[in-house]
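Here's the structure, in structure tokens; my notes come after.
Protein chains: 2
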Amino acid sequence: MNAQSPRRSGGRAARRASRAAPLTQDIRPIRAGMQGGHYKPLSDQDVLRIHETALTALEQIGLIDAPQSGIDIMTSAGAILGEDGRLRFPRALVEDMLAKACKDITLCGRDTQYDLQLNGHRVHYGTAGAAVHMVDIDTNDYRDSTLQDLHDAARIAHQLDNIHFLQRPMVARDVTDNKEMDLNSIYACSSGTTKHIGVSFTDPAFVPDALEMLHMIAGGEQAWRDRPFVSNTNCFVVPPMKFATESCEVMEACIRGGMPVLLLSAGMAGATAPSTIAGAIVQATAECLAGMVYVNAIKPGHPAIFGTWPFGLDLRTGAMSVGSGEQALLSAGCAQMHKFYGLPGGAAAGASDSKLPDMQAGWEQMCSNVMAGLSGLNMVYEAAGMHASLLGFCHESLILGDDLIGQAQRCVRGIEVDDATLALEEIRSVCVGGPGHYLGTDATLSRMQKDHVYPTFGDRTSPKEWAEVGKPDLIAKAKARKEEILSTPASARFAPDLDQALRARFNIHLQP
Amino acid sequence: MNAQSPRRSGGRAARRASRAAPLTQDIRPIRAGMQGGHYKPLSDQDVLRIHETALTALEQIGLIDAPQSGIDIMTSAGAILGEDGRLRFPRALVEDMLAKACKDITLCGRDTQYDLQLNGHRVHYGTAGAAVHMVDIDTNDYRDSTLQDLHDAARIAHQLDNIHFLQRPMVARDVTDNKEMDLNSIYACSSGTTKHIGVSFTDPAFVPDALEMLHMIAGGEQAWRDRPFVSNTNCFVVPPMKFATESCEVMEACIRGGMPVLLLSAGMAGATAPSTIAGAIVQATAECLAGMVYVNAIKPGHPAIFGTWPFGLDLRTGAMSVGSGEQALLSAGCAQMHKFYGLPGGAAAGASDSKLPDMQAGWEQMCSNVMAGLSGLNMVYEAAGMHASLLGFCHESLILGDDLIGQAQRCVRGIEVDDATLALEEIRSVCVGGPGHYLGTDATLSRMQKDHVYPTFGDRTSPKEWAEVGKPDLIAKAKARKEEILSTPASARFAPDLDQALRARFNIHLQP
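Protein sequence lines correspond, in order, to chains G and P.
Sequential numbering from -19 applies to the first sequence in my numbering.
Sequential numbering from -19 applies to the second sequence in my numbering.
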């Protein structure tokens, strides 16, 4: 067809300005927690076969390397320790624990408006870790990431409507002491955003101090336990089928401290997990089921996110690859398993293998992000800002990711079908004795804001308009926005007395 | 999680080289015509309501402006011409014609290896029209598109595995005579690729000469009619609910000449179609059902593609928008309607509003391309190279689109679940007394090529490797590939005697 867009000339600038005002939350066309689930990569029978195979793997193969505390906890619940040191899980035990597991998790923000409700096919997008580099978009250099970068990412994420949580996206490499790094990461994230935060701990011994910091921020232990706004991203397994001994001890400490946990199984298909998509999902499912038994044997119903995070691999090189179609299928398939169990779940999507926020990054980030959303994944981790197969984080890309995720969310929202949207009477009145077009009809105008998602940085001008405004560069626009955000005081920053108390008690590396 | 990719050092270059050889067609992991359909944006009830509403619109509102020949054809079949000039279609007529319509279309290539089989949820990706500008990626300028640009696009598309057909992507603006433009467009496309081609005609009077040219290329009328390798992209309606009088006459001539037709209804939601997604689908469905009655009243079972192509609109500006989430939903919803009718269908996906092949272009192109594929759209038009809301075409973007579509196709292929892919025994042998990883296992190596799609231009190197090879730029790589393709003789070019005969008979503007 010939592109003859109905561009109108009169008053466009005024119209555009009047419509560019931010929408209030209640009429925004998209929001955190919309229901996906229209995309099902697996048939019902496929899901059952994956489930059965995972149960068989748990019963016959089991997992090795649980800490003694975990062995005690899980054997008391009914797991069987073999002479080969592997802990095996009878089906009945798994099924009993599934019945006890938390099916509806509230992930609290420090501000209640950012609470996330994890159940059904409700979809949320956020960052995750853990890059070790920052991408400098001025020089295309990769440099070590710092605590300030982490804090800045938190501040930026706080301003982006479509970033619903902040799992620590990068490692503060300038804080060389592991304990201080863990504590400062909490500080840098929490003082940058009041959205829900995810962090990890290097050592179980660091958890008590972390909890003390969180109690101070929350206003006491009970306030923290009532609304834990930080969860523990816990790599409790080292695939294939091995518990990560120290991480398990961290997990036990976090559960006792009232912190939600993300049971993260991050196998790489072809390296630490089977090379097939189905096989990688089987293994991740088995590992997370073992974690679910572990958690519920400690504290029935403790909030734990079923974190099947299988990653892809470029089998030509043995290098990790997160931007592929295989990756998108891995995460969407996992989402279906979560729904089968009725457990809140998460997986990785939206990361790119590209080193820069270029066209490749765009197509890779969208592919897995939109498929994760359509499959109804509750927590889409790594959804924005992540490059170089998780090695590099980019603030400008995070900002552009907000546009990209907004579009994915529009797709998740889907197609409303009712008498009004079917529009028979509107078609009739326009065509029969009407104006012959729908521009400016009441129906059209009323849907302009509440049904349509407009990109903030994505450009929709005509080539002529675009040239007139100087051919604006996407990355430059994102950079300007970053500088704007970071030049204003962080709205999430701690009250002065709390900040003073935290700095008195802990060695905070971030400048006040 | 911390990104610790299992990068191995020894012999990688050799391994990579040995694995970089092109795959033979039989073991390629993706191919034209893979089955989608795992994504269903509409419930069964939604589909029925859209169908019912479209039938009601046809029965009560009908279409105006059919040519007299069309009125005669359709009223003879049972349509009713009202005093208001609108042609209305009783339900029984639509249902009768649905029964007669062609359900399985072979779109022929000039070379049989490129034949496309349109049925079920089989998915094919290709270009479509019609841009009036070319994007110059060196200067970021938009300039008028030429016949040579069109020929070059055909030559490039011919070399790209994941571009399955070439619908004329741009207008040859340097050929100012409309008839010569139409004839030269056929010449420029057909001499550039032996894949299936789609073209349009400005005037019904041009069709006889076009058929004469096609007979010559095919080697006679019967050879042409046996394997018509060009179809007519026919904008037979001017939405809302109006026949495009001249295009209808073109269609009649093409059908009689044995040319498959694409019944293209390109309404813009909010301007020439209702602003709601459901309403735009209703109207496009009604219009294409009218076209389907028209075609089958002329020649029952003539191959006609159900071309519901609703486009989006930026309601803030009134400008066309093709890169949005709304667009992706429009096309995916249409795919479901095609399947409901059992008719081969097509819609637009993969076009971008961005002026350049940048990150925005990547996310926009992937969003609708992958959703179209997952929904099982038979013909995904506008899938590569298209920018500026259909106003600009970019050869380098077309080349990168091949990577992008390859990834989308991998997603369409989906997740295979069987005993081998579930990998229970492989997990057992790796974990219990085995090496503890899957690198280099027989199962892993055997799946390296046949299951995984590797990008040609998408970069998966580590930041260190990337820096070592000079931080290659995605667009520069695509440009080099373009120059490589265009510097070698077109493999699809006509035999010298045929070319001479065509040039003797027609005024061919393309230099030999």
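Idealized CB from N, CA, C, for every residue including glycine.
This one's a predicted model, so the numbers in the text were calculated from it and none came from an experiment.
Close beta carbons around residue i, own chain, < 6 Å, minus the five adjacent residues each side
i: G42 of chain P; result: R66, L67 and R68
i: V262 of chain P; result: I30, T33 and A34
i: R473 of chain G; result: S171
i: S255 of chain P; result: A249
i: A423 of chain P; result: E406
i: M231 of chain G; result: N214, F216 and V241
i: I117 of chain G; result: E376 and I455
Residue i and residue j closer than 7 Å at C-beta
i: P500 of chain P; j: G238 of chain P; result: Because residue 500 of chain P is not part of the residues shown, which for chain P are -19 to 492, the question remains open.
i: A264 of chain G; j: T297 of chain G; result: no
i: R390 of chain G; j: I143 of chain G; result: no
i: M346 of chain G; j: L380 of chain P; result: no
i: E229 of chain P; j: P47 of chain P; result: yes
i: H432 of chain G; j: L295 of chain P; result: yes
i: L258 of chain G; j: I395 of chain P; result: Before going further, note that residue 258 of chain G is Ala rather than Leu in the sequence given. In contact: A258 of chain G and I395 of chain P (Cβ atoms closer than 7 Å).
i: I278 of chain G; j: I53 of chain G; result: yes
i: T213 of chain G; j: G89 of chain G; result: no
From the options, residue whose alpha carbon lies closest to that of residue i
i: G58 of chain G; options: G:P70, G:P47 and G:S49; result: G:P70
i: E376 of chain P; options: P:L454, P:P443, P:A400 and P:M359; result: P:L454
i: S409 of chain G; options: P:L28, P:P220 and P:M14; result: P:P220
i: K20 of chain G; options: G:A352, G:C169, G:R148 and G:V217; result: G:A352
i: S506 of chain G; options: P:A423, P:S334, P:G50 and P:A388; result: The requested residue 506 of chain G does not occur in the structure, where chain G is confined to residues -19 to 492.
i: S332 of chain P; options: G:G438, G:T252 and G:S355; result: G:G438
i: N158 of chain G; options: G:K80, G:H131, G:V179 and G:F186; result: G:F186
i: H318 of chain G; options: G:S23, G:Y94 and G:H101; result: G:H101
i: L98 of chain P; options: P:A329, P:R8, P:G356 and P:V27; result: P:G356
i: T421 of chain G; options: P:S211, P:T252, P:L384 and P:M193; result: P:T252
Same chain only: Cβ atoms within 8 Å of residue i, ignoring 5 sequence neighbours per side
i: M196 of chain G; result: L478, A481, L482 and R485
i: L371 of chain G; result: A111, V112, H113 and Y122
i: T119 of chain P; result: none
i: S125 of chain G; result: A111, V112, H113, M114, M150, V151, A152, R153 and F373
i: H489 of chain G; result: L127, A152, D154, V155, E160 and N164
i: A299 of chain G; result: L293 and S369
Sequence-distant residues of the same chain with beta carbon closer than 7 Å to residue i, five excluded per side
i: E201 of chain G; result: H195
i: Q(-16) of chain P; result: Annotation note: pLDDT 42 at Q(-16) of chain P (below 50); position unreliable, no value reported.
i: P283 of chain G; result: C82, I85 and P240
i: H104 of chain P; result: A12, G13, L96, H144, F145, N358, M359 and V360
i: T55 of chain G; result: L61
i: R(-12) of chain G; result: Note that R(-12) of chain G has pLDDT 41, beneath the 50 cutoff, so the model's placement of it is unreliable and the number below is only indicative. Excluding sequence neighbours, R(-12) of chain G sits near nothing in its chain.
i: A233 of chain G; result: P184 and V187
i: L73 of chain P; result: A57, G58, A59 and V273
Bounding residues of the beta strand (DSSP E) (the contiguous stretch that carries residue i)
i: M359 of chain P; result: M359 to Y361
i: S245 of chain P; result: V241 to S245
i: S301 of chain P; result: A299 to S301
i: Q93 of chain G; result: Counting along the chain, Q93 of chain G falls outside any beta strand (DSSP E), and DSSP gives it neither H nor E.
i: Y122 of chain G; result: D121 to D124
i: M114 of chain G; result: H113 to D116
Run of the alpha helix (DSSP H) containing residue i, from where it starts to where it stops
i: V230 of chain P; result: T225 to R236
i: A258 of chain G; result: I257 to I278
i: M54 of chain P; result: Q48 to A57
i: S165 of chain G; result: N158 to S170
i: I407 of chain P; result: L404 to C411
i: V179 of chain G; result: No alpha helix (DSSP H) contains V179 of chain G, which is instead part of the beta strand (DSSP E) from H176 to V179.
i: H31 of chain G; result: D24 to Q40
i: R71 of chain P; result: R71 to K80
Under 7 Å from the C-beta of residue i: neighbouring residues of chain C
i: P337 of chain P; result: The structure shown contains no chain C; the protein chains it does contain are G and P.
Going along the stretch 432 to 459 of chain P in order, which residues come within less than 7 Å of chain G, judged by CB to CB distance? Within the stretch 432 to 459 of chain P, the residues whose Cβ lies closer than 7 Å to some Cβ of chain G are H432, V433, Y434, G438, D439, R440, S442, P443, W446, K451 and L454, listed in chain order.
What residues in the stretch 71 to 97 of chain G bring their beta carbon closer than 8 Å to a beta carbon of chain P? Contact residues of the stretch 71 to 97 of chain G toward chain P are absent (C-beta to C-beta distance below 8 Å).
Closer than 7 Å, Cβ to any Cβ of chain G: which residues of the stretch 202 to 228 of chain P, in chain order? Near chain G, meaning a CB-to-CB distance below 7 Å, the residues of the stretch 202 to 228 of chain P are C215, P220 and M221.
Chain-ordered residues of the stretch 113 to 144 of chain G with a beta carbon less than 7 Å from chain P: Within the stretch 113 to 144 of chain G, the residues whose Cβ lies closer than 7 Å to some Cβ of chain P are H113, N120 and Y122, listed in chain order.
Determine which residues of the stretch 383 to 395 of chain P have a Cβ less than 9 Å from any Cβ of chain G, and write them out in chain order. Under the 9 Å Cβ criterion, the stretch 383 to 395 of chain P contributes D383, L384, G386, Q387, A388, Q389, R390, C391, V392, R393, G394 and I395.
Interfacial residues, the stretch 38 to 63 of chain G to chain P, with Cβ spacing under 9 Å: Contact residues of the stretch 38 to 63 of chain G toward chain P are Q40, I41, G42, L43 and I44 (C-beta to C-beta distance below 9 Å).
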